[in-house]
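*Asks:* My questions will all concern the structure given below.
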Amino acid sequence: MHSEKASTGLRLAAWGGLLFLHFPILIIFLYAFNTEDAAFSFPPKGFTLKWFAVAFARPDVLEAIKLSLQVACLATLIALVLGTLASAALYRRSFFGKESISLMLILPIALPGIITGIALLSAFKALGIEPGVFTIVVGHATFCVVIVYNNVIARLRRTSQSLIEASMDLGADGWQTFRYIILPNLGSALLAGGMLAFALSFDEIIVTTFTAGHERTLPIWLLNQLSRPRDVPVTNVVAMLVMLVTMLPILGAYYLTRGGESVAGSGK
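Counted from 1, the sequence shown has number 23 at position 16 by our numbering; the numbering is strictly sequential.
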């Protein structure tokens, strides 16, 4: 009988690959608690929370965090509305140009970030719009919509049409059917899509570089810190914060959608 368990060599290779990928992240976490303020002093001399207090006492760090949270929340909200409406319009009926519209929706996430950034900057300049918070939000929303769209349209395709037909047969109007039948089925897909969109927006740097102007989100602040070796401990603390803020929504979205491949309404 064929065994479903992986061989010892394969498991070791898998764990080795994971360690290789995550080792740099572990180093950043380690240095965030290092007592020394030197850029590289291995092994760490001790454990301290001093750099957290230093980081959160700096106005430039707090302003960057505030801006990143603001942009991520606005971009996620726009993506939830537009992504849901687009998926609702495209999932059932066939019409001329449907595939082209689907391709245009997905294209921003498939294109290299530098191409998207240059295209957005050119469009804003042509329209006479100065780079700022508005342009950052629009730039992030272009690829966040894709995340929500993919999650919601997958859930809609798995939702049984008999539920919607039964609701209408029992006298419910379009709004009542949406409120009591469709929306509850979309709940976890919307939540997962929103969490992924937030994480993607919060740590985006390439598109932001072209659309930010003089604004500095947290990833841009981190990029600027590379030329300041004396701030390495504070930079490590902020980098750890960015990783945690992006990692937790991704893990949450994974747990919301895992194990649902054979269940109607799954957002996988």
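All residues carry an ideal CB built from backbone N, CA and C; glycine is no exception.
Treat the numbers as computed from the prediction; the structure is a model and nothing was measured.
Use the C-beta contact count for Glu211: other C-beta atoms within 10 angstroms, 16 or more gives buried, fewer gives exposed.
*Replies:* Result: buried.
*Asks:* Quick one: residues in its chain with C-beta nearer than 6 Å to the C-beta of Ala260, no 5 flanking neighbours on either side, listed in chain order?
*Replies:* Answer for Ala260: Ala199, Met202 and Leu203, listed in chain order.
*Asks:* Buried or exposed: which applies to Gly124, given that a residue is buried once 16 or more other Cβ atoms fall within 10 Å of its Cβ?
*Replies:* So Gly124 ends up on the buried side.
*Asks:* Determine the DSSP secondary structure at Phe54, reduced to helix, strand or coil.
*Replies:* Here Phe54 sits in strand by DSSP.
*Asks:* Report the partner residues of Asn41 according to the DSSP bridge assignment.
*Replies:* According to DSSP, which records beta bridges pairwise, Asn41 is partnered with Phe54.
*Asks:* Under the rule that 16 or more other beta-carbon atoms within 10 Å means buried, what is Arg162, buried or exposed?
*Replies:* Label assigned to Arg162: buried.
*Asks:* Between Ile160 and Ile188, how many whole angstroms is the CB-CB distance? I'm expecting something under 8 Å.
*Replies:* Contact doesn't hold; Cβ gap of about 17 Å is too wide.
*Asks:* From Phe54 to Ala62, what does the alpha carbon distance come to, in whole angstroms?
*Replies:* Each residue's alpha carbon lies about 16 Å from the other.
*Asks:* Grab the span of the alpha helix (DSSP H) containing Gln178 for me, first residue to last.
*Replies:* Here residue 178 turns out to be Gly, not Gln, going by the sequence shown. Counting along the chain, Gly178 falls outside any alpha helix (DSSP H), and DSSP gives it neither H nor E.
*Asks:* Return the CA-CA distance between Ala86 and Lys52, expressed in angstroms with no decimal places.
*Replies:* Straight-line Cα distance between these residues: approximately 46 Å.
*Asks:* Taking the beta carbon of Ala21 as the centre, do at least 16 other beta carbons fall within 10 Å, making it buried, or is it exposed?
*Replies:* Exposed.
*Asks:* Tell me the rounded alpha-carbon separation between Ile213 and Ser109.
*Replies:* Approximately 24 Å between the Cα atoms of the pair.
*Asks:* Thinking Thr253 and Leu74 are a contact (beta carbons under 8 Å), I'd like their distance in whole angstroms, please.
*Replies:* No, Thr253 and Leu74 are not in contact; Cβ-Cβ is about 16 Å, not under 8 Å.
*Asks:* Let me make sure I understand the geometry here. Which of Pro115, Phe141 and Leu177 has the alpha-carbon closest to that of Cys151?
*Replies:* Minimum Cα distance to Cys151 is reached at Pro115.
*Asks:* Could you check the C-alpha separation between Ile32 and Leu255 for me, to the nearest Å?
*Replies:* So the two alpha carbons sit approximately 15 Å from each other.
*Asks:* Only counting runs of 4 or more residues, tell me where the alpha helix (DSSP H) segments fall wholly within the segment 172 to 233, in order along the chain.
*Replies:* Here the runs fully enclosed are 181 to 184, 190 to 209, 213 to 218 and 225 to 232.
*Asks:* How many Å lie between Asp238 and Ile72 at the Cα?
*Replies:* Cα-Cα distance, rounded: 17 Å.
*Asks:* Please state whether DSSP places Gly104 in a helix, a strand or coil.
*Replies:* In the structure shown, Gly104 sits in coil (DSSP, three-state: anything other than H, G, I, E or B).
*Asks:* Beta-carbon within less than 8 Å of Glu222's beta-carbon, same chain only, minus the 5 sequence neighbours each way: which residues are those?
*Replies:* Same-chain partners within the cutoff: Leu74, Pro138, Gly139, Val140 and Ile143.
*Asks:* Helix, strand or coil: how does DSSP classify Arg165 here?
*Replies:* Helix.
*Asks:* Give the straight-line distance between the Cα atoms of Leu233 and Gln77, rounded to the nearest whole angstrom.
*Replies:* The alpha-carbon atoms of Leu233 and Gln77 are separated by roughly 24 Å.
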